[in-house]
Amino acid sequence: MSYVELPGAKVPIRMWADPATVEEGALQQLRNVATLPWIKGLAVMPDVHYGKGATVGSVIAMRGAVCPAAVGVDIGCGMSAVRTSLTANDLPGDLSRLRSKIEQAIPVGRGMHDGPVDPGRFHGLATAGWDDFWRRFDGVAEAVKFRRERAGKQMGTLGSGNHFVEICTDVTGSVWLMLHSGSRNIGKELAEHHIGIARKLPHNQGLIDRDLAVFVADTPQMAAYRNDLFWAQEYAKYNRTLMMALLKDVVRKEFKKAKPAFEPEISAHHNYVAEERYDGIDLLVTRKGAIRAGSGDYGIIPGSMGTGSYIVKGLGNAKSFNSASHGAGRRMSRNAAKRRFSTKDLEEQTRGVECRKDSGVVDEIPGAYKPIEQVIDQQRDLVEVVAKLKQVVCVKG
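Reading the sequence shown from the start, the letters are residues 1 to 397 in full-length UniProt numbering.
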């Protein structure tokens with residue numbers, strides 16, 4: 001489908017979804033965003049759903065302003081995927097050992113490594129820039145300085161919620177490695193620190209929703225936020241890089257005879273801010289639950305823990321600010337999913353996938369998400385499908 005245009009106070013709301021299927025709370029959030037004085041465009045992805053301040057699945061383009069709540073608290077959250085030389089025939093019938101080895105190598109939930117993981121220990125992992133990255137931590141907000149040690153130990157960890165590590169196969173039988181995570185606790189603390197500052201600024205007092213508080217250009221608060229934001233986005237990127245190195249290490253050891261090789265990594269943020277230019281104007285583009293889909297850009301659009309995912313290539317549609325969805329998108333809240341589904345439902349909906357099937361992950365059940373095929377179909381003018389993957393192992397936090 002192409003987009004549907006809904007009226008907005010300052011800009012139209014371009015929606016790659018059927019408005020009739022979007023909950024009223026999310027529609028109101030979109031109308032609220034369209035009232036912001038600094039806004040220059042608003043694009044809504046097919047995985048749109050209610051969020052904090054701004055909906056998940058929205059692309060907000062502003063001139064000289066950025067809304068920290070519209071980035072979200074998991075700054076730099078995103079995906080990485082790698083195709084391997086392994087095929088489905090190389091996989092054992094019982095995948096429980098492989099899942100266990102991944103869980104041993106990559107701490108999940110609130111878990112962390114005993115000490116910082118040395119990136120230099122991994123074959124082929126480029127380490128240029130890592131030391132400078134950590135040196136720049138000295139320039140981030142004083143409020144999080146005491147978290148330096150914890151941030152080091154959490155680098156290369158999964159976290160919880162909808163974050164995952166997966167082994168997948170595509171329709172040709174190729175085995176893929178895939179993971180989803182962000183900037184862990186340090187990104188959350190930085191986000192909450194700056195959201196608190198933004199809410200108190202004088203220019204935000206008359207906003208329709210205080211969660212849409214912004215920083216504006218040429219102010220010390222904006223400079224401080226941008227510094228910390230871009231550092232946290234880099235942390236998220238390094239976190240995924242390190243997790244992928246740990247995952248490759250497991251695969252090398254478990255499939256020694258097959259001598260697995262790995263293609264170049266596909267990696268994409270989906271909660272972040274980028275400086276981009278449209279119609280001759282420099283804009284700050286916030287993607288909250290959306291990936292960049294410029295012409296030729298590779299991206300990853302996951303479904304749920306039982307339905308599979310898509311590798312896509314962007315078509316460069318400027319109407320969406322070169323963006324696409326970041327996943328299937330939730331169709332019910334976590335609490336609603338827990339009320340609606342049981343562990344038996346989870347077992348049925350994840351049949352054939354080696355994964356947790358206990359009450360702790362019922363809120364991540366496939367039935368709590370929109371159908372991924374429908375979400376892909378609604379953005380055919382934004383991306384083209386390169387590969388469809390189906391998970392055989394899924395590690396959840």
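Note that CB positions come from ideal geometry on N, CA and C, so glycine has one too.
Just so you know, these numbers come straight off a predicted model, no measurement behind them.
With fewer than 16 other beta carbons inside 10 angstroms of its own, Phe146 counts as exposed. When only Cα atoms are considered, Gly289 and Lys52 end up about 12 Å apart. The C-beta separation of Met79 from Ile376 comes to about 15 Å, leaving the pair out of contact by the 8 Å criterion. Runs of the alpha helix (DSSP H) lying entirely within the segment 65-133 and spanning at least 4 residues, in chain order: 68-71, 96-105. Judged by DSSP in its simplified three-state form, Thr157 adopts coil rather than helix or strand. Annotated three-state conformation of Phe164 is strand, per DSSP. DSSP, reduced to helix, strand and coil, places Gln378 outside both helices and strands of the structure shown, so it counts as coil. With 16 or more neighbouring CB atoms inside 10 Å of its own CB, Gly329 falls in the buried class. Rounded to whole angstroms, the separation of the alpha carbons of Val214 and Thr157 is 31 Å.
Cβ-Cβ separation between Gly308 and Lys388: approximately 6 Å, consistent with a contact (criterion under 8 Å). Looking at the backbone, the Cα of Glu24 and that of Leu98 are separated by about 43 Å.
Positions of the beta strand (DSSP E) runs, each at least 3 residues long and wholly inside the UniProt region "Disordered" (323-349), are given as 323-325 in order along the chain. Check the Cα spacing between Phe262 and each of Ser323, Pro302, Met178, Val22: the tightest is with Met178. Contact between Val82 and Met244 holds: their C-beta atoms lie close to 6 Å from each other, under 8 Å.
Around Ser342, the same chain offers Val362 as residues with beta carbons nearer than 8 Å, after the five sequence neighbours per side are excluded.
Per DSSP, Pro220 is not a residue of any beta strand (DSSP E); the alpha helix (DSSP H) it occupies stretches across 220-254. Residue range 4-6 is occupied by the beta strand (DSSP E) that includes Glu5, with no alpha helix (DSSP H) assigned at that position. Ala318 and Ile75 do not touch by the CB rule: their CB atoms are close to 26 Å apart, not below 8 Å. Inclusion of Cys394 and Met305 in the CB contact set at 8 Å is warranted, their separation being smaller than that value. By DSSP's assignment, Ser58 forms a beta bridge with Val44, Lys288. In the structure shown, the three-state DSSP call for Gly53 is coil. No Cβ-Cβ contact shorter than 8 Å links Leu91 with Val353. Under the DSSP assignment, Ala26 falls in the alpha helix (DSSP H) whose first and last residues are 24-33.
If you ignore the 5 residues before and after Gly303, its C-beta comes within less than 6 Å of the C-beta of Ser309, Ala328, Ile372, all in its own chain and listed in chain order.
Pairwise C-beta distances place the segment 26-34 out of contact with the segment 174-190, as fewer than three of them are shorter than 8 Å. Contact check for Gly316 against Ala324 fails: the beta carbons are separated by 8 Å or more. Taking C-beta atoms as the reference points, His326 and His270 count as a pair closer than 8 Å. Nearest neighbour of Phe255 by Cα position, chosen from Ala65, Pro46, Ala88, turns out to be Ala88. The C-alpha of Gly367 is placed about 9 Å away from the C-alpha of Met332. Membership of Ile197 in the alpha helix (DSSP H) is indicated by the continuous run 184-200.
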